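These notes are about the structure you will find just below.
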Amino acid sequence: MSNACVVGLQWGDEGKGKVIDILTDEYDVIVRYQGGGNAGHTVVVSGEKFVLHLIPSGILHPEKKCVIGNGVALDPALFLEEVEELRKKDVSIKDNLFVSDRAHLVFPYHKLLDALSESDKGQDRIGTTGRGIGPCYADKMARIGIRVIELYHLEHLKRQIRRNVEEKNRLLQGLYDTAPLSWEEIYEEYVAYAKRLEPYVCDTVEYVNEAIKGSKRVLFEGAQGSLLDVDFGTYPFITSSNATACGAAPGAGVSPKQIHKIYGVMKAYTTRVGSGPFPTEAGGVLEEHLRLRGGEFGATTGRPRRCGWFDVVAVRHAATVNGVDETILTKLDVLDDQETLKICVGYKYNGKVHERFPPDLALLPQCEPVYEERPGWRQDTSCCTSIHKLPGEAVNYVRRLEELLGLKVTMVSVGPDRRQFIRIRSTIQKKPQRRRITIHE
Ligand code: GDP
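Letter by letter, the sequence shown follows residues 2 to 442 in this note's numbering.
Have a look at this one:
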């Protein structure tokens, strides 16, 4: 019996979709536990591209069960659209997809308020995807959220929608000078969703716990990245949920004791979408080059991602918070044509070099990355199927990251396709003592 959780160790888009798709072979049930339609996992199977926003990436394996947990902010329109899209691509969806009756619903007023609040912030905008996820979680915490189960108690649903829409209309009209929404229309829309959602809705807390009791293996799927976690990320430029493994237990309704292994996924470089501090952001020609080579455009919004070098300080912080056991390095192939690679090993601020990721938003933009340089390999790695076929410099790059992070890299991904990955035996037997970094000024 062994359950695991997959999380991103950077600012999201690490390639978790592909990794989960590969790991799914070893698990029976795949559970999404946080976030919502703001996530975008891409899986490429024999040249065909699947972009999943809400449905776990395990859905591409028909014999596996997929669960959208109580911690997810569920946009029913998006969910139903995604089901249809998958069906059109001949993905089997029948008795293998379950939606939590406790999941909170995203409503049109959430999306509208998301957009209005962003434009109102001007230069301080967070850079949200505008999918209404933040406002939906805000309502959850304010105890006025509406959950999936409420769709099946119509009088109650009507009362709640009316109360919420009337409240939001005061904001829309008073603060944003916008036309009010009709609670009757929203109510009708959601009653129609209720019927179409019904085949998928169940008590997933019971389902997942029964599966665990029955010795099924469960994989918990994190969305976004650890540096976007509401508690441990670069607040307030974060997402509104716990994108770290810390979110898996409350987001799925299992005991933390049931999560036995944490996989951390990290790109061979760093990207970030939206606003917020990003110490190793490259800028200029290099950034543009990485963006084009890596296809760094948001799967949900199409926005260009900001790109830069690998940041050990940030990833080490993320790995600590998650208690990562093994890491998976993705997109190594994107660095194939670099002559020299840089790894950020410390941040310089206030005249000193620091190895700790600071929580202060005022400090992060002042952090000057301290880089270590490594030679590039200037060879195509996208066809490499074993570590022995990787160029020596590429192996050294991976080993150096292991050493700096004190973590095993057990898989390297060298292309978007399901088959483009290498399983490797780590050189790290146990976590080494952290070494202090000597910086020569
Ligand atoms: P997620 O949100 O963490 O699942 O990340 P995405 O789905 O946005 O994945 C990032 C993008 O990189 C997708 O388009 C993937 O198909 C692609 N991708 C994943 N792994 C690799 C890789 O090793 N190399 C390359 N070149 N692309 C990859």
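Positions of the beta carbon are idealized from the N, C-alpha and C atoms, including for glycine.
Just so you know, these numbers come straight off a predicted model, no measurement behind them.
- In this chain, GLU199 is not harboured by any alpha helix (DSSP H), its DSSP state being neither H nor E.
- Spanning the alpha carbons of ILE162 and TRP184 requires a straight line of approximately 6 angstroms.
- Counted as a single uninterrupted DSSP element, the beta strand (DSSP E) harbouring GLY9 occupies residues 5 to 9.
- For PHE108, there is no enclosing alpha helix (DSSP H), as DSSP gives it neither H nor E.
- Here the C-alpha atom of ASP338 lies approximately 28 angstroms from the C-alpha atom of ALA319.
- At a cut-off of 8 angstroms, the beta-carbon of PRO57 does not count as near the ligand GDP: no heavy atom of the ligand is closer than that.
- PRO417 has its Cβ nearer than 8 angstroms to a heavy atom of the ligand GDP.
- CA-CA distance, LEU342 to TYR201, rounds to 47 angstroms.
- From the listed residues GLY131, TYR34, SER47 and GLU356, the smallest Cα separation to GLY299 is found for GLY131.
- Note on GLY215: under 16 other CB atoms within 10 angstroms of its CB, so exposed under the neighbour-count rule.
- Beyond the five residues adjoining it in sequence on each side, VAL335 comes within less than 6 angstroms, by CB distance, of ARG294 and GLY295 in the same chain, given in chain order.
- By the Cβ-count criterion, ASP91 is exposed, with fewer than 16 other Cβ atoms from all chains shown falling within 10 Å of its own Cβ.
- Residues of the same chain with their beta carbon placed closer than 7 angstroms to that of GLY175 are lacking, with the five preceding and five following residues left out of the count.
- With at least 16 other beta carbons inside 10 angstroms of its own, MET412 counts as buried.
- Within the chosen limit of 8 angstroms, the ligand GDP does not reach the beta carbon of HIS261 with any heavy atom.
- In the DSSP assignment, TYR264 falls within the unbroken beta strand (DSSP E) covering 262 to 268.
- Annotation for PRO136: the continuous alpha helix (DSSP H) segment containing it runs 134 to 142.
- Under DSSP, PHE99 shares a beta bridge with VAL68.
- Per DSSP, reduced to three states, the secondary structure at ILE329 is strand.
- Using a 10 angstroms sphere on the CB of CYS6, the tally of other CB atoms reaches 16 or more, which defines it as buried.
- Closer than 8 angstroms to some heavy atom of the ligand GDP: that does not describe the Cβ of GLU86.
- The ligand GDP never approaches SER276 closely enough for any of its heavy atoms to be under 8 angstroms from the residue's Cβ.
- Taking the CA atoms as reference points, ARG126 sits about 25 angstroms from TYR348.
- Assignment of beta-bridge partners to LEU53 by DSSP yields HIS42.
- DSSP assignment within the stretch 172 to 224 yields the following whole alpha helix (DSSP H) runs of 4 residues or more, N-terminal first: 184 to 198 and 205 to 214.
- Taking one beta carbon from each stretch, the stretch 253 to 270 and the stretch 349 to 362 have fewer than 3 pairs nearer than 8 angstroms; the two do not touch.
- In the DSSP assignment, no residue is bridged to LEU24.
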